[in-house]
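S.K.: What follows is a structure written as structure tokens; I'll ask about it next.
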Amino acid sequence: MRVLKYGLLATLSLFAVACNASDAYTVGKNYRAVNKAHAPADPKRITVEEFFWYGCPHCYHLEPEVEAWLKTKPADVDFVRVPNTLGRPIGELHQRAFYIAQALGILDKTHRPLFDAIGSQGFPKSSLDSIRDLYVEKAGIKPSDFDSIAHSFVVESNMHRADDEAMAYGITGTPTFVVGGKYVVDAQNDVLKVVDFVVAKVRKERK
188 MRVLKYGLLA TLSLFAVACN ASDAYTVGKN YRAVNKAHAP ADPKRITVEE
238 FFWYGCPHCY HLEPEVEAWL KTKPADVDFV RVPNTLGRPI GELHQRAFYI
288 AQALGILDKT HRPLFDAIGS QGFPKSSLDS IRDLYVEKAG IKPSDFDSIA
338 HSFVVESNMH RADDEAMAYG ITGTPTFVVG GKYVVDAQND VLKVVDFVVA
388 KVRKERK
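Numbering-wise (the numbering used here), the sequence shown opens with residue 188 and increments by one.
Structural data, given as structure tokens:
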């Protein structure tokens with residue numbers, strides 16, 4: 188009877204571990220539904236959006252982990268950075284800086300340097316002039332190219348779209364990830380592991 192009892196306990200323990208593994212993260216605790224879900228443009232692709240702010244120290248310290256995650260992310264996942272203003276004028280400036288770089292095709296040369304300038308070097312980058320100087324130095328652009336695009340229709344449109352998305356999803360802080368236009372993963376320990384978990388959940392839900 189003891190052998191049977193202990194065997195049963197061991198089986199139950201293994202079952203509990205398996206259940207815990209499959210339910211490692213829970214809705215309402217580790218992730219939540221967005222305020223307004225967005226239908227995917229391609230059901231076979233899963234978009235992960237990171238809402239961030241260049242002046243956010245948590246975003247800055249997470250950036251190396253994000254860069255490492257991008258090298259190993261699933262093949263069906265598309266990653267999109269979305270600069271968030273957090274309702275602050277400096278946030279709007281940094282949002283504009285992101286979309287200026289994107290419009291000029293130099294984001295790969297300016298994204299990390301701007302983060303470093305603000306996060307580790309203590310430069311506030313609180314004016315378009317200071318950001319222009321950084322972009323000229325790091326990307327070799329002409330100041331006139333920066334000025335011509337800074338308040339262009341494409342930059343303004345992207346800024347409005349980013350703000351509308353943040354409001355629709357219910358984004359209240361940074362860094363925050365939205366998976367599949369359906370679930371929000373707020374800043375927490377092992378945030379990218381939670382993102383991977385939710386990616387798998389979205390993939391399963393779409394089948």
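For each residue, glycine too, the CB sits at the ideal point set by N, CA and C.
Go to P330, then tell me how far its alpha helix (DSSP H) extends in each direction, as first and last residue.
M.R.: Position 143 of the sequence shown, counted from the first residue, corresponds to residue 330. P330 -> alpha helix (DSSP H) spans 330-337.
S.K.: For E352 and I328, what's the separation of their Cα atoms in angstroms?
M.R.: For the purposes of this step, residue 352 is taken as the residue at position 165 of the sequence shown. For the purposes of this step, residue 328 is taken as the residue at position 141 of the sequence shown. Rounded to whole angstroms, E352 to I328 spans 30 Å at the Cα level.
S.K.: To which residues of the same chain is Y218 closer than 7 Å at the C-beta, ignoring the five residues directly before and after it?
M.R.: Here the question's residue 218 lines up with position 31 in the sequence shown. Contacts found: Y212, Y370, V371, V372, V381, V385.
S.K.: Are there 16 or more other CB atoms within 10 angstroms of the CB of G128, so buried, or fewer, so exposed?
M.R.: This structure does not reach residue 128, given that the chain is present from 188 up to 394, and the question cannot be answered.
S.K.: Quick test of the definition: if touching needs 3 or more C-beta pairs under 8 Å, does the stretch 232-251 touch the stretch 353-364?
M.R.: The answer is yes - the stretch 353-364 touches the stretch 232-251, with three or more Cβ pairs under 8 Å.
S.K.: Thinking T272 and Q282 are a contact (beta carbons under 8 Å), I'd like their distance in whole angstroms, please.
M.R.: Walking along the sequence shown from the start, residue 272 turns up at place 85. Walking along the sequence shown from the start, residue 282 turns up at place 95. Going by Cβ atoms, the distance from T272 to Q282 rounds to 5 Å, so yes, they are a contact pair.
S.K.: Report the option in E250, I277, T359, Y356 whose CA atom is closest to the CA atom of S313.
M.R.: On the sequence shown, residue 313 is found 126 positions in, with the first residue counted as 1. For the residues E250, I277, T359, Y356, the minimum Cα distance to S313 belongs to I277.
S.K.: What's the C-alpha gap between R299 and P244?
M.R.: The residue given as residue 299 occupies position 112 in the sequence shown. The residue given as residue 244 occupies position 57 in the sequence shown. Taking the straight line joining both Cα atoms gives about 13 Å.
S.K.: Please report the Cβ distance between L291 and A304, rounded to the nearest whole angstrom; I am assuming they are in contact, meaning their Cβ atoms lie under 8 Å.
M.R.: For the purposes of this step, residue 291 is taken as the residue at position 104 of the sequence shown. For the purposes of this step, residue 304 is taken as the residue at position 117 of the sequence shown. That belief does not hold up - the Cβ atoms of L291 and A304 are roughly 18 Å apart, past 8 Å.
S.K.: Between A224 and the rest of its own chain, which residues show a CB-CB distance below 8 Å, the 5 nearest in sequence each way excluded?
M.R.: Your numbering for residue 224 matches position 37 in the sequence shown. Cβ within range, chain order: G368, K369.
S.K.: Distance check for P230 and K394, CA to CA, integer angstroms please.
M.R.: Taking the sequence shown and counting its residues from 1, one reaches residue 394 at position 207. Taking the sequence shown and counting its residues from 1, one reaches residue 230 at position 43. Cα to Cα, the separation comes out at about 9 Å.
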